[in-house]
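The block underneath contains the structure these notes are about, expressed in structure tokens.
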Ligand SMILES: [Zn+2]
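Numbering (the working numbering), first residue to last: -4 to 277.
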């Protein structure tokens, strides 16, 4: 049996998670990037031999720029076959009126209007037979908590399970959104997200959005925080807040890994075991 690979890239203050299934499907959850170095170019060179091709699916948790920064490059080089996104969050406005930002927003709005639902069975990421035995669940945000002035309220959640090992990937969900999901067992989240190996912390680990009920449910061994140098005071304490079960890595007890300190973080999963490596830049 081949491994499931999950890579959380160091994209500074942004988010990009790459799932490679045992049968070779490539899925991205968000496509944030460093502004001076394209994550799509890296993925293309490392996994597609530098040739342009296509990834099997892109999930946009929500269309804030730090989650879609490299979308124009993705369309150019690795155009996704299918797109999952919160359609209600579009059309989006550019974060500023400079060509690069206008281009990102235009590409995102174009994708939202061009990629159609429903997704054909043969491309459905939620079908484990298509995904080499990996169960992926895409949980959309709660409709009655949507607020167009705050796109974070549209963030979806992605739960990945393979040989009994779970990863919970959150967008920039607010603690209110997460608490609602847990309290109401929204989309069966209480069973789906319980007792994960790894949590990608909501909203880049900001303690202001820490949701105790959600964290207790997920009960992760490790939490990953995707961020860059400390900019917000709420970031400083995230490591102590997100203290899960913990594991020994290279002789040290670790509870939290951050892309800021640990760079790209590579997980592999097989036969009910998982492994992590990090400290590599892209
Ligand atoms: Zn974000």
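Glycine is no exception: its CB is placed at the ideal position from the N, C-alpha and C atoms.
Please read these numbers as outputs of a predicted model, since none were measured by experiment.
A distance criterion of 6 Å places the beta-carbon of residue 59 in contact range of ligand 1, judged by its closest non-hydrogen atom.
Residue 233 places its beta carbon less than 7 Å from that of residue 220. Using a C-beta cut-off of 8 Å, the segment 92 to 111 makes no contact with the segment 125 to 133, since fewer than three inter-stretch Cβ pairs fall below that distance. It is roughly 16 Å from the alpha-carbon of residue 66 to the alpha-carbon of residue 82. Restricting attention to 273, 8 and 57, the CA atom closest to the CA of residue 142 is found in 57. In the pairwise beta carbon analysis, the segment 83 to 90 is classified as not touching the segment 184 to 196: fewer than three pairs are separated by under 8 Å. For residue 124, the secondary structure class from DSSP, reduced to helix, strand or coil, is coil.
Taking 7 Å as the cut-off, the Cβ atoms of residue 28 and residue 34 count as close.
In chain order, 56, 57, 136, 166, 167 and 168 place their CB closer than 6 Å to the CB of residue 150, counting only its own chain and leaving out the 5 sequence neighbours on each side. Per the C-alpha coordinates, the member of 161, 266, 139 and 176 positioned closest to residue 217 is 161. In the DSSP assignment, residue 269 forms a beta bridge with 264.
The segment 132 to 203 contains, as complete beta strand (DSSP E) runs of 3+ residues, the segments 152 to 157, 160 to 165 and 193 to 195 (chain order). Secondary structure of residue 216 (DSSP, three-state): coil.
By the Cβ rule, the segment 247 to 262 counts as touching the segment 198 to 218, because three or more pairs are nearer than 8 Å. Assigned with DSSP and collapsed to three states, residue 64 falls in coil, not helix or strand.
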